[in-house]
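As you go down the protein sequences, you meet chains X and S in turn. First residue of the first sequence? That's 78 in the working numbering, and the numbers climb one at a time after it. First residue of the second sequence? That's 797 in the working numbering, and the numbers climb one at a time after it. C-beta atoms are modelled at their ideal positions from N, C-alpha and C, and glycine is treated no differently. Predicted, not measured: the structure shown is a model, and the values here were computed from it. Notes for the one structure printed next.
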Amino acid sequence: GENVEQHPSTLSVQEGDSAVIKCTYSDSASNYFPWYKQELGKGPQLIIDIRSNVGEKKDQRIAVTLNKTAKHFSLHITETQPEDSAVYFCAASLNTGGFKTIFGAGTRLFVKA
Amino acid sequence: GAGVSQSPSNKVTEKGKDVELRCDPISGHTALYWYRQSLGQGLEFLIYFQGNSAPDKSGLPSDRFSAERTGGSVSTLTIQRTQQEDSAVYLCASSLIADNEQFFGPGTRLTVL
Chain X
78 GENVEQHPST LSVQEGDSAV IKCTYSDSAS NYFPWYKQEL GKGPQLIIDI
128 RSNVGEKKDQ RIAVTLNKTA KHFSLHITET QPEDSAVYFC AASLNTGGFK
178 TIFGAGTRLF VKA
Chain S
797 GAGVSQSPSN KVTEKGKDVE LRCDPISGHT ALYWYRQSLG QGLEFLIYFQ
847 GNSAPDKSGL PSDRFSAERT GGSVSTLTIQ RTQQEDSAVY LCASSLIADN
897 EQFFGPGTRL TVL
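Structure representation (structure tokens):
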């Protein structure tokens, strides 16, 4: 089945710096790749997603890149702010008759003011 | 509008007892997912419902776990003969259609003593 690896597990950056989180997936049939942000005590919330027919997508300070050949995708946050501090999860989804979403283990991002 | 709601928010039970966790998805959402999140860990897929199709149960960890979705809306996750390793936060999510943004509830924190 699908497996999603996420690195790093913890990331600490200075306010204003960029943060990059990387994920790899195993099933080449996966075609939808969302990123979620989870704040303490809350459920995850979608921040950006990308589909397999697109290589890059950007939304203000957040961007995601996808390399289908290498089966990896990355989240880029520029000009980080303290409120970006949270746990970030990547995920890969594929339609196998059902629709299963497999999440990475998460990256805890600390933005130091 | 109202988001995904889950009840109870916290549940403490004794080993061997059965528990029922409830999820009310966003009205009109056809897809519903259950995940388990252990402390500091990622999201483990449990089960997925899509409309009237047979659910994808491939993530359920044992036959003590079951879930149903009545009338295409409310879902109940049942854990029979609970074990201490069942202690976790159980998250429910819904999406308008499969392969789309999932909206998460706040979760139910289950503690098995």
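Do you know offhand how far residue i's Cα is from residue j's?
{"i": "Arg835(S)", "j": "Glu92(X)", "result": "Note that residue 835(S) is Leu in the sequence shown here, rather than Arg. So the two alpha carbons sit approximately 27 Å from each other."}
{"i": "Leu856(S)", "j": "Gly903(S)", "result": "17 Å"}
{"i": "Lys807(S)", "j": "Thr907(S)", "result": "6 Å"}
{"i": "Glu229(X)", "j": "Glu810(S)", "result": "Summary: the structure shown does not reach residue 229(X), with chain X confined to residues 78 through 190, and so no result is reported for it."}
{"i": "Phe166(X)", "j": "Pro804(S)", "result": "25 Å"}
{"i": "Phe180(X)", "j": "Glu897(S)", "result": "14 Å"}
{"i": "Asp852(S)", "j": "His153(X)", "result": "32 Å"}
{"i": "Arg877(S)", "j": "Leu817(S)", "result": "14 Å"}
{"i": "Val885(S)", "j": "Cys100(X)", "result": "24 Å"}
{"i": "Arg860(S)", "j": "Ser89(X)", "result": "40 Å"}
{"i": "Tyr102(X)", "j": "Arg185(X)", "result": "20 Å"}
{"i": "Leu54(X)", "j": "Phe110(X)", "result": "With chain X covering only 78 through 190, there is no way to say anything about residue 54(X)."}
{"i": "Lys135(X)", "j": "Val141(X)", "result": "6 Å"}
{"i": "Asp104(X)", "j": "Asn80(X)", "result": "7 Å"}
{"i": "Phe900(S)", "j": "Thr178(X)", "result": "13 Å"}
{"i": "Thr157(X)", "j": "Ala96(X)", "result": "7 Å"}
{"i": "Leu171(X)", "j": "Arg128(X)", "result": "11 Å"}
{"i": "Glu881(S)", "j": "Val815(S)", "result": "14 Å"}
{"i": "Leu123(X)", "j": "Val870(S)", "result": "22 Å"}
{"i": "Gly867(S)", "j": "Ala168(X)", "result": "29 Å"}
{"i": "Thr872(S)", "j": "Ile98(X)", "result": "34 Å"}
Who are residue i's beta bridge partners in DSSP?
{"i": "His153(X)", "result": "Val97(X) and Ala140(X)"}
{"i": "Ser878(S)", "result": "It should be noted that the sequence gives Thr, not Ser, for residue 878(S). In the DSSP output, where bridge partners are listed per residue, Thr878(S) has none listed."}
{"i": "Ala827(S)", "result": "Gln846(S) and Ser891(S)"}
{"i": "Ala884(S)", "result": "Leu906(S)"}
{"i": "Gln91(X)", "result": "Lys189(X)"}
{"i": "Leu839(S)", "result": "Gln833(S)"}
{"i": "Asn80(X)", "result": "Partner(s): none; Asn80(X) has no beta bridge."}
{"i": "Gln898(S)", "result": "DSSP lists no partner for Gln898(S)."}
{"i": "Ala168(X)", "result": "Phe180(X)"}
{"i": "Arg865(S)", "result": "Ser871(S)"}
{"i": "Val808(S)", "result": "Thr907(S)"}
Should residue i be flagged as near chain X, meaning a C-beta pair shorter than 8 Å?
{"i": "Asp852(S)", "result": "yes"}
{"i": "Glu864(S)", "result": "no"}
{"i": "Pro902(S)", "result": "yes"}
{"i": "Ala798(S)", "result": "no"}
Hey, does residue i have any beta-carbon neighbour from chain S nearer than 8 Å?
{"i": "Phe150(X)", "result": "no"}
With a cut-off of 8 Å, does the C-beta of residue i fall near any C-beta of chain B?
{"i": "Cys888(S)", "result": "Protein chains X and S are contained in the structure displayed, whereas chain B is not."}
Exercise. Which residues, in chain order, does the stretch 173-189 of chain X contribute to contact with chain S at a C-beta distance below 9 Å?
Worked result: Taking 9 Å as the upper bound on Cβ-Cβ separation, chain S lies near residues Thr173, Gly174, Gly175, Phe176, Lys177, Thr178, Ile179, Phe180, Gly181, Ala182, Gly183 and Arg185 of the stretch 173-189 of chain X.
For this session: Return the residues of the stretch 868-886 of chain S that lie within a Cβ-Cβ distance of less than 8 Å from chain X, sorted by chain order.
Result: So the list is empty, because no residue satisfies the distance condition.
For this session: Mind checking the stretch 108-125 of chain X against chain S and listing, in chain order, the residues whose C-beta falls within less than 9 Å of any C-beta there?
Result: Residues passing the 9 Å Cβ filter: Asn108, Tyr109, Pro111, Tyr113, Gln115, Gly118, Lys119, Gly120, Pro121, Gln122 and Leu123.
For this session: Return the residues of the stretch 836-848 of chain S that lie within a Cβ-Cβ distance of less than 7 Å from chain X, sorted by chain order.
Result: So the close ones are Gln837, Gly838, Leu839, Phe841, Tyr844 and Gln846.
Exercise. Quick one: any contact between the stretch 114-122 of chain X and the stretch 818-829 of chain S, if contact means 3 or more CB pairs under 8 Å?
Worked result: Contact fails: fewer than three Cβ-Cβ distances are below 8 Å.
Problem set entry | Residues, ordered as in the chain, of the stretch 805-833 of chain S that lie near chain X by beta-carbon distance below 8 Å | Residues of the stretch 805-833 of chain S with a C-beta less than 8 Å from any C-beta of chain X: Ala827, Tyr829 and Tyr831, listed in chain order.
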